[in-house]
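Novice:
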Amino acid sequence: MSAYSRLSTALTEGALSLPDGPVCLMRPPLDYDVNDLPQDRVTIQHTFKPDAAGWSNAGYPVTAAFSEAETAIVVVPRSKALAKSMIAEAAGRAKLIVVDGNKTDGIDSLFKACRKILGDLPSITKNHGRIFWFEATDAFADWAAPAPAKGDHGYVTTAGVFSDGAVDAGSELLVANLPPKLPAHMADLGAGWGYLAGPVLQRDGVQTLDLIEAEALSLDCARQNVSDDRVNFLWEDATTYRPEKSYAGIIMNPPFHVGRNADPSLGRAFIASAAKMLAGHGKLWMVANRHLPYEQALSDAFRNVEKIAQNNAFKVFHATRPLR
């Protein structure tokens, strides 16, 4: 049974009835249960490339922006600020708003906050989560996230992006251990909002830098943080993307969470992908949380692997000669 079958329960047991007209399903993961939705009326709204591509391959229309709809279904993301902004947009643009999420993603606190504003709301709890719904209202207008803006750290970020309030300490350690000269053709896998780009572009030898990022919200911020003709901004899944021309160098601070769960397999996928993207003489610089077991994955993908720095939280690797 899908962990997201709360929606099917609400629909099939008669508690929830959708109005006629289009349905905008907002940020659903690929395992979200859509079996009881009117599939010919559903549009997927998503900015995360792997999920957007997956839904598109399944035959659904996918858009990065909200699709005009009678019903909006908000699938709660990890970021509370992003979740509230999604609810605000849905409430102002659809007739019926459905909010579905797991307890670990804060659905109960959102439900409590919505009830404080609207009063009692219909709700179903199931599979460690909750689904609730209400009709269109402007009561959540002040929940809308502000436009991307420059924070105290000097960079433009927005709700829902990684490390939006501060520069990631792991990335800082990686920068501190990059050599003064880097290869000509570089890529940053999982580039986020572009922090690593500035220091890389300041190194001698760099002619091009591809910022490869799966979250369009982050990439939009990177476009504002990085202004250099040598940079290309690519909305791609770093674990599957393959460039037309192999890179001479790659830097990365790979993500290691799927939802709220640590998943080292994601970092391992980044390592394997980096090896495939690099030319035979290519070089990798990578930072990771100290407790994550990436040494074997690096040895499986590269002939030479060296730990060049570490502290109580992070470790930095330099790997060369990718194995084919």
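Letter by letter, the sequence shown follows residues 1274 to 1597 of our numbering. Backbone N, C-alpha and C fix where the C-beta goes; we use that ideal spot for every residue, glycine too.
(1) Could you name the residues that DSSP lists as bridge partners for F1405?
(2) Run through DSSP, which three-state label would T1377 get?
(3) How many angstroms separate the CA atom of G1532 from the CA atom of L1355?
(4) Three Cβ pairs or more, each shorter than 8 Å: is that satisfied between the segment 1287 to 1307 and the segment 1354 to 1370?
(5) DSSP on D1502, reduced to helix/strand/coil?
(6) Look at the Cβ atom of W1466, then the Cβ atom of A1422, and state whether they are nearer than 7 Å.
(7) What span of residues does the beta strand (DSSP E) with L1462 cover, start to end?
(8) Whose C-alpha, out of A1439, V1479, D1477, is nearest the C-alpha of Y1468?
(9) Check D1477 in the structure and name its three-state DSSP category.
(10) Where does the unbroken alpha helix (DSSP H) through N1330 begin, and where does it stop?
(11) Using the Cα positions of W1328 and P1334, report the straight-line distance between them to the nearest angstrom.
(12) With H, G and I counted as helix, E and B as strand and the rest as coil, what does DSSP make of L1289?
(13) Looking only at its own chain, which residues have a Cβ that is under 7 Å from the Cβ of A1361, when we skip the five neighbours before and after it?
(14) Identify which residue in E1343, D1378, F1339, N1330 has its Cα closest to the Cα of K1353.
(15) I'd like to know whether the C-beta atoms of M1459 and G1522 end up nearer to each other than 7 Å.
(16) Beta carbon of K1454, beta carbon of G1471: below 7 Å?
(17) Got a sec? Which residues, its chain only, sit under 6 Å from H1591 by beta carbon, not counting five neighbours each side?
(18) Given a threshold of 16 other Cβ atoms within 10 Å of its Cβ, counted over all protein chains shown, does H1319 qualify as buried or as exposed?
(19) Looking at A1342: is its Cβ nearer than 7 Å to the Cβ of A1489?
(20) Within a Cβ cutoff of 7 Å, which residues of the same chain sit near L1310, ignoring the five residues on either side of it in sequence?
(21) For the beta strand (DSSP E) that contains V1578, what are its first and last residues?
(22) Do the segment 1431 to 1451 and the segment 1276 to 1287 touch if we need at least three Cβ pairs shorter than 8 Å?
(23) Pull up the CB-CB distance for R1541 and A1586, whole angstroms please, since I reckon it's below 8 Å.
(24) Can you check whether the CB of S1519 is closer than 7 Å to the CB of L1492?
(25) Look at M1359 and V1347 and say whether their C-beta atoms are less than 7 Å apart.
(26) Compute the Euclidean distance between the alpha carbons of P1595 and F1543, then round it to the nearest angstrom.
(27) Would you check if the distance between the CB atom of L1484 and the CB atom of A1464 is smaller than 7 Å?
(28) Going by DSSP, what residue range makes up the alpha helix (DSSP H) through L1298?
(29) Apart from the five residues just before and just after R1314, which ones in its own chain have a Cβ nearer than 6 Å to its Cβ?
(30) Comparing alpha-carbon positions, which option in S1500, Q1583, D1441 lies nearest P1527?
(31) Can you check which of these residues, P1323, S1546, T1430, D1324, is closest to F1575 by C-alpha distance?
(32) If distances are taken between C-alpha atoms only, which option among P1302, L1383, G1427 comes closest to W1406?
(33) Could you give the first and the last residue of the continuous beta strand (DSSP E) run that contains L1451?
Specialist: With the structure as the only source:
(1) For the purposes of this step, residue 1405 is taken as residue 132 along the sequence shown, with counting starting at 1. Under DSSP, F1405 forms a beta bridge with V1372, S1396.
(2) Here residue 1377 corresponds to residue number 104 of the sequence shown, with the count starting at 1. DSSP, reduced to helix, strand and coil, places T1377 within a helical segment of the structure shown.
(3) The residue given as residue 1532 occupies position 259 in the sequence shown. The residue given as residue 1355 occupies position 82 in the sequence shown. Low confidence applies here, because G1532 scores a pLDDT of 49, under 50, leaving its location unreliable and the question unanswered by this model.
(4) Touching, yes, given that three or more Cβ pairs across the two stretches are closer than 8 Å.
(5) Mapped onto the sequence shown, residue 1502 falls at position 229. Coil.
(6) The sequence position of residue 1466 within the sequence shown is 193, counting from 1. The sequence position of residue 1422 within the sequence shown is 149, counting from 1. A1422 sits away from W1466, with the two beta carbons spaced by 7 Å or more.
(7) Taking the sequence shown and counting its residues from 1, one reaches residue 1462 at position 189. Unbroken beta strand (DSSP E) run through L1462: 1458 to 1462.
(8) On the sequence shown, residue 1468 is found 195 positions in, with the first residue counted as 1. Here the closest residue by C-alpha is A1439.
(9) For the purposes of this step, residue 1477 is identified with residue 204 of the sequence shown, where counting begins at 1. Of the three classes helix, strand and coil, the one that applies to D1477 here is strand, per DSSP.
(10) By 1-based counting over the sequence shown, the position of residue 1330 is 57. Start and end: 1322 to 1330.
(11) Position 55 of the sequence shown, counted from the start, is the residue given in the question as residue 1328. Position 61 of the sequence shown, counted from the start, is the residue given in the question as residue 1334. Roughly 8 Å separates the two Cα atoms.
(12) As a first step, residue 1289 is located in the sequence shown; it is residue number 16 there, counting from the start. In the three-state reduction of the DSSP assignment, L1289 falls in the coil class, being assigned neither a helical nor a strand state.
(13) Along the sequence shown, one-based indexing puts residue 1361 at 88. Same-chain partners within the cutoff: F1413, A1414, W1416, A1417.
(14) Residue mapping note: residue 1353 aligns to position 80 of the sequence shown, counting from 1. Comparing alpha carbon positions, the residue from E1343, D1378, F1339, N1330 closest to K1353 is D1378.
(15) What you label residue 1459 is simply residue 186 of the sequence shown in a count that begins at 1. What you label residue 1522 is simply residue 249 of the sequence shown in a count that begins at 1. Yes.
(16) Locating residue 1454 in the sequence shown gives position 181, counting from the first residue. Locating residue 1471 in the sequence shown gives position 198, counting from the first residue. It is not a contact, given that the beta carbons lie outside the stated cut-off.
(17) Within the sequence shown, the letter at position 318 stands for residue 1591. Excluding residues within five positions, the ones whose Cβ falls inside 6 Å are W1558, E1579, I1581.
(18) Counting from 1 along the sequence shown, the entry for residue 1319 is found at position 46. H1319 should be labelled buried.
(19) Walking along the sequence shown from the start, residue 1342 turns up at place 69. Walking along the sequence shown from the start, residue 1489 turns up at place 216. Going by C-beta atoms, A1342 is not nearer than 7 Å to A1489.
(20) If you number the sequence shown from 1, residue 1310 lands on position 37. Closer than 7 Å at Cβ, skipping near neighbours: V1296.
(21) Position 305 of the sequence shown, counting from 1, holds the residue named residue 1578. 1575 to 1583 is the span of the beta strand (DSSP E), which, as asked, contains V1578.
(22) Short answer: they don't touch.
(23) Stepping through the sequence shown from its first residue, residue 1541 is reached at position 268. Stepping through the sequence shown from its first residue, residue 1586 is reached at position 313. Their Cβ separation, rounded to whole angstroms, is 20 Å, which puts R1541 and A1586 out of contact at 8 Å.
(24) The count along the sequence shown starts at 1 and reaches residue 1492 at position 219. The count along the sequence shown starts at 1 and reaches residue 1519 at position 246. Contact check for L1492 against S1519 fails: the beta carbons are separated by 7 Å or more.
(25) Within the sequence shown, the letter at position 86 stands for residue 1359. Within the sequence shown, the letter at position 74 stands for residue 1347. If you check the CB distance, M1359 and V1347 come in under 7 Å.
(26) Indexing the sequence shown from 1 puts residue 1595 at position 322. Indexing the sequence shown from 1 puts residue 1543 at position 270. C-alpha separation (whole angstroms): 13 Å.
(27) Counting from 1 along the sequence shown, the entry for residue 1484 is found at position 211. Counting from 1 along the sequence shown, the entry for residue 1464 is found at position 191. Going by C-beta atoms, L1484 is nearer than 7 Å to A1464.
(28) Residue 1298 sits at position 25 when you count from the first residue of the sequence shown. Judged by DSSP secondary structure, L1298 falls outside any alpha helix (DSSP H) and instead within the beta strand (DSSP E) spanning 1296 to 1299.
(29) Within the sequence shown, residue 1314 is the residue found at index 41, counting from 1. Only P1295, V1296 meet the Cβ criterion.
(30) One-based indexing of the sequence shown puts residue 1527 at position 254. Residue nearest to P1527 within the set S1500, Q1583, D1441 is D1441 (criterion: CA-CA distance).
(31) For the purposes of this step, residue 1575 is identified with residue 302 of the sequence shown, where counting begins at 1. Looking at the Cα atoms, S1546 is the closest of the given residues.
(32) As a working mapping, residue 1406 is identified with position 133 in the sequence shown. Across the set P1302, L1383, G1427, the C-alpha of L1383 shows the shortest separation from the C-alpha of W1406.
(33) For the purposes of this step, residue 1451 is identified with residue 178 of the sequence shown, where counting begins at 1. Run containing L1451: none; DSSP gives neither H nor E here.
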